[in-house]
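> The listed protein sequences correspond, in order, to chains A and B.
Here the first sequence stands for residues 32 to 525, where the numbers follow our numbering.
Here the second sequence stands for residues 7 to 335, where the numbers follow our numbering.
Note that beta-carbon positions come from the ideal geometry of N, C-alpha and C, so glycine has one too.
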Amino acid sequence: MKRITIDPITRLEGHGKIEIFLDEQGDVANCYFQIPELRGFEQFCVGRQAEEMPVITSRICGVCPEAHLMAAVKACDQLFGAEPPPAAKKVRELFYSAFFVTDHTTHFYALGGPDFIVGPEAPAAERNILGVIHKVGLETGQKVIETRQRNHQVIQKVGGRAVHPVAALPGGWSKPISEELRKEIEETALKNVEFGLFSLQAFDDIVLKNKAYLDLIVSDVYHHKTYNMGTVDERNLVNFYDGMIRVTDPEGREFAKYPCRDYAQHIAERVEPWTYLKFPYLKNVGWKGLVDGMDSGVYCATPLSRLNAADGMATPLAQEHFEKMYQTLGSKKANGRYQPVHHRLVTHWARLIELLYAAERMLELARDPEITSPDVRKIPERITGEGVGSVEAPRGTLTHHYVSDERGVLKKVNLIVGTTNNNAPISMSVKRAAERLISKGQVSEGLLNKVEMAFRLYDPCFSCATHSLPGHMPLVVDIRDSRGGLVESLRQDG
Amino acid sequence: MPDKPKIAMYWAASCGGCEISLANLHANILAVDAAFQLVFCPCLVDGKKRDVEALKDGELLITFFNGAIRTDENQEMAHLLRKKSKILIAYGSCAYEGCIPGLSNFHSKQDHFKAIYLDNPSIENPQKIVPQTETKVPEGTLTIPAFHDRVRTLAQTVDVDYFLPGCPPESFKVWEVIDSVIQGKALPPKGTIIGAGKCTVCDECEKKKEDKKIKRLYRTHEIVPDREKCLLEQGILCMGPATRDGCKAQCPNNADMPCTGCYGPPSGVRDQGAKMIAALGTALDLGDVSTLSEEQVAARVEEVIKAIPDYAGMLYKYSLPGSILGGKR
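Structure below.
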């Protein structure tokens, strides 16, 4: 059987390859989306001090370290029994909003967007951020660069470093925000709101007003009816930092709503021999294979899923665009919310609405009188020994679950990461795109890029997804005094 | 502009933070674009492996190689890019010294799949399926690269020209390096550590330092430190004395958090963990020990240091695969 290999897949975070098998007629017989990497955190974090997890698990992903930092510190709040003061929670959410703005900007302009802005079948050497800048002009390019820059500055000033920040502590945040910094953040947030609106306008002009793109978006090439997952606040509106996890079914009815500590009652993971990445699914629906529909436990956790699973957005401009998106796509209200949109390329649009929401939320928090409160630490007084923390990472619901001994040294670590949620949907989307686009053995580079667009819309991060790794090995370090006497023997038992 | 020198950036076992550190050159990325052609960088551009294979040997002026060597694929790409590059730079802590994922060298491979694919609390795997390097499917055979016993650094795999430390390298230091190439400055001797200082993080730390007399050690969540004063003097295990400078000591200076050691050992030091143990040895305040027996002195030391349960993870957080310990033997 003839096969086509796309290796490595590009404009994403981490490693992946696509194997397409063609039958005698040159049509797609099957298609596999494989993850060839595994690094491993779940096991080597065993033996570590729990409060180090925000810094350690940041290294799962350098694109979204803030998400791991935040899920980790929230799990640590529980493990150390230290509820952070209200100001600390606000500082965290403010920091997290700045991160969402820069992360979604990176995806739209550097990873996913080039397929639309430069064109899906443009020469490969131009389908990238630099091609985008050449196409839209330096002025717009500079807007993108400045947006990333000013938000990374906020991340650096509030979190310590621009990449792999360090300020998260169980029970709070290492440093309060000064009035001077608050003003600067407010300015940044105002510019972010402007940039969010600008990006939505650009999406409207470049994508929605282009009939060929619109046809592509609503075609059946990139369409799957699955369950949707996202975190919602007490009004069932999208929230990235905290809330309940809500799952809606393919028709938009609420299927489950639970606090993250109950995740294991709702999510199970399946293993396949041909990829290192596991396939999570809804335990209470069950695994029926890589298929969509009401009877398949496959769910999706993306910007579009978050919007599908929520009743709306918590900020006014984002809400306007939320309404516009569903109305444009002909969705009607049912069950208290818009019927879910299953056209996967719409995820790009949803991502920009989230960018605008993050910007507006950042502005609200920058103007909150409590944001400069010095009261950002609670010193833990007891170790509970267990914690589950979750946030919405840009790429989906992220859950960290830790169990420790009485000293807060980790005994068990389980991580369900944003992208991993979407392993099954990504596999299905890539396969469907290959089936619909390839026929009679006719394959071009541009066409294969359109197959890649099926994973790219999920903004996957396989560095994150392939975090797992276990094993045990004894280590002994002897510390001796100047006379050679043994002062301390440190060992990690095998 | 076909004459621009070609460069590549590749990730082996990595997190993508190194790519972000390059993207965070911000407006200077346009100067990089003006001076070079980025032909391979899976995160950002659409060059494929076959495009690299088609290059002549040495056709890439520079490859910034980040990530450690964990699988057959990582190893193969390291050899391929070594062959195609004039200058191969181990970019970032993973390629240089193994970094945080290198902590897995405390663990053997044997239990590996068991914990991830069989024992994990959310796993449902009654048939006990684990990933295989080759799987027969109805249409043919699917392959994934073998997973190695341990994490290796880039220099433990291929010949490396320069080392650029940091997790990730700070963008302003990356720019200094790239700008010096654009300016056509003479290259330093092979093996040089570039984009960093030669001293320690303490040299760049603005906190007030006095005599170090540590009466007890604290974990970060246990204490609100005086933000004007040296964190180590207050008993927080700050890796500053055992870590190379160049980062502007941002963790203590910006966030009042201790250095965790991501730039690796300072010049002249082979083993970062051993260096930190030596620093602690001189800084612990045991009081008057002249009348005590050896056992009593040891007990007093134990009293001071027992607050930290995981020295292995704290002192070798970034440097285990490249250290004297190396991890699994």
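Which residue spans inside the segment 115-180 of chain A form an unbroken alpha helix (DSSP H) run of at least 4?
Correct list: 117-137, 145-148, 160-167.
> Please list, in chain order, the chain A residues whose beta carbon lies closer than 7 Å to that of B/THR141.
The contacting residues are PRO304, TRP305.
> My output table needs one value for A/THR403: the three-state DSSP class, helix, strand or coil.
A/THR403: helix per DSSP, three-state reduction.
> Look at the Cβ atom of B/PRO175, then the Cβ atom of B/GLY53, and state whether they are nearer than 8 Å.
It is not a contact, given that the beta carbons lie outside the stated cut-off.
> May I have a chain-ordered list of the beta strand (DSSP E) segments no shorter than 3 residues that lie completely inside the segment 45-118 of chain A?
Counting whole runs of 3 or more residues, the segment 45-118 of chain A contains the beta strand (DSSP E) stretches 48-53, 59-65.
> In the DSSP output, which residue or residues are listed as bridge partners for A/HIS254?
DSSP, once it has assigned bridges, lists A/HIS374 as partnering A/HIS254.
> Using a Cβ-Cβ cutoff of 7 Å, what residues of the segment 56-88 of chain B are near chain A? List them in chain order.
Going along the segment 56-88 of chain B in chain order, one finds ARG76, THR77, GLU79 with a Cβ nearer than 7 Å to chain A.
> Does the segment 25-38 of chain B come close enough to the segment 112-126 of chain B that 3 or more CB-CB pairs lie under 8 Å?
Contact between the segment 112-126 of chain B and the segment 25-38 of chain B is absent, because fewer than three Cβ pairs lie under 8 Å.
> Within 10 angstroms of its Cβ, does B/PRO247 collect 16 or more other Cβ (buried), or is it exposed?
By the neighbour-count rule (16 or more Cβ atoms within 10 Å), B/PRO247 is buried.
> What span of residues does the alpha helix (DSSP H) with A/PRO347 cover, start to end?
Unbroken alpha helix (DSSP H) run through A/PRO347: 347-359.
> Runs of 4 residues minimum, wholly inside the segment 286-328 of chain A: which ones carry the alpha helix (DSSP H) assignment?
Listed in chain order, the complete alpha helix (DSSP H) runs (minimum 4 residues) inside the segment 286-328 of chain A are 294-297.
> Under 8 Å, do A/ALA129 and A/ILE40 count as touching if we go by C-beta distance?
Contact flag unset, no.
> Are the Cβ atoms of A/VAL59 and B/VAL136 separated by less than 8 Å?
No, the Cβ-Cβ distance between A/VAL59 and B/VAL136 is not below 8 Å.
> Hey, quick one: how far does the alpha helix (DSSP H) through B/ALA318 stretch, first residue to last?
Counting along the chain, the alpha helix (DSSP H) containing B/ALA318 begins and ends at 317-321.
> When you compare only the Cα positions, how much space is there between B/LYS218 and B/ASP291?
Approximately 8 Å between the Cα atoms of the pair.
> Please classify B/PRO132 as buried or exposed, where buried requires at least 16 neighbouring CB atoms within 10 angstroms.
The residue in question, B/PRO132, is exposed, as its Cβ has fewer than 16 Cβ neighbours within 10 Å.
> B/ARG250: which of B/LYS134, B/GLN240, B/PHE169, B/LEU67 sits nearest, CA to CA?
Selected option, being the one with the closest Cα: B/PHE169.
> Mind listing, in chain order, the continuous beta strand (DSSP E) runs of no fewer than 3 residues lying wholly within the segment 181-264 of chain A?
As far as the segment 181-264 of chain A is concerned, its whole beta strand (DSSP E) runs of at least 3 residues are 258-263.
> Quick one: grab the DSSP three-state call for B/GLY108.
Of the three classes helix, strand and coil, the one that applies to B/GLY108 here is helix, per DSSP.
> Could you compute how far the alpha carbon of B/VAL51 sits from the alpha carbon of A/LEU488?
Those two C-alpha atoms are separated by around 16 Å.
> Can you pull the chain B residues whose beta carbon is under 7 Å from the beta carbon of A/GLU50, in chain order?
Result: LEU148.
> In whole angstroms, what is the alpha-carbon distance linking A/LYS443 and B/ASP316?
Going from the Cα of A/LYS443 to the Cα of B/ASP316 covers about 15 Å.
> Using C-beta distances below 6 Å, list every residue in its chain close to A/SER499, excluding the 5 sequence neighbours before and after it, in chain order.
Summary for A/SER499: the model assigns pLDDT 49, below 50, so the residue's position carries little reliability; its value from the coordinates is reported in the next sentence. Cβ neighbours of A/SER499 beyond the five flanking positions: GLY71, GLU73.
> So, for A/PRO115: in the same chain, excluding its five sequence neighbours on each side, which residues have a beta-carbon less than 7 Å away from its beta-carbon?
Answer for A/PRO115: ASP108, GLY202, GLY203, LYS409, listed in chain order.
> At the level of alpha carbons, what is the spacing between B/PRO107 and A/TYR330?
Answer to the nearest angstrom: the Cα atoms are 29 Å apart.
> Taking only beta-carbon atoms, is B/LYS179 less than 8 Å away from chain A?
No, B/LYS179 does not count as interfacial toward chain A.
> Taking Cβ positions only, does A/LYS481 come closer than 8 Å to chain B?
False, the Cβ-Cβ gap to chain B never drops below 8 Å.
> Quick test of your reading: B/ALA14 and B/LEU87, contact by CB under 8 Å. State the CB separation rounded to the nearest angstrom.
Right, their Cβ atoms sit about 7 Å apart.
> Taking C-beta pairs closer than 8 Å, name the residues in chain B that A/TYR63 reaches, listed in chain order.
What A/TYR63 touches in chain B: VAL143, LEU148.
> Which word fits A/MET84, buried or exposed, when buried means at least 16 other C-beta atoms lie within 10 angstroms of its C-beta?
A/MET84 should be labelled buried.
> Can you tell me the Cα-Cα spacing of A/LYS120 and B/LYS214, whole angstroms?
In a straight line, the C-alpha of A/LYS120 is about 30 Å away from that of B/LYS214.
> For A/GLY190, go through chain B and note every residue whose CB falls closer than 7 Å to its CB, in chain order.
Residues of chain B passing the Cβ test: ALA261.
> Would the beta-carbon of A/ASP134 fall within 8 Å of that of A/PRO425?
A contact, by the Cβ cut-off of 8 Å.
> On the DSSP bridge list, what partners appear for A/GLY420?
Paired residues: A/HIS431.
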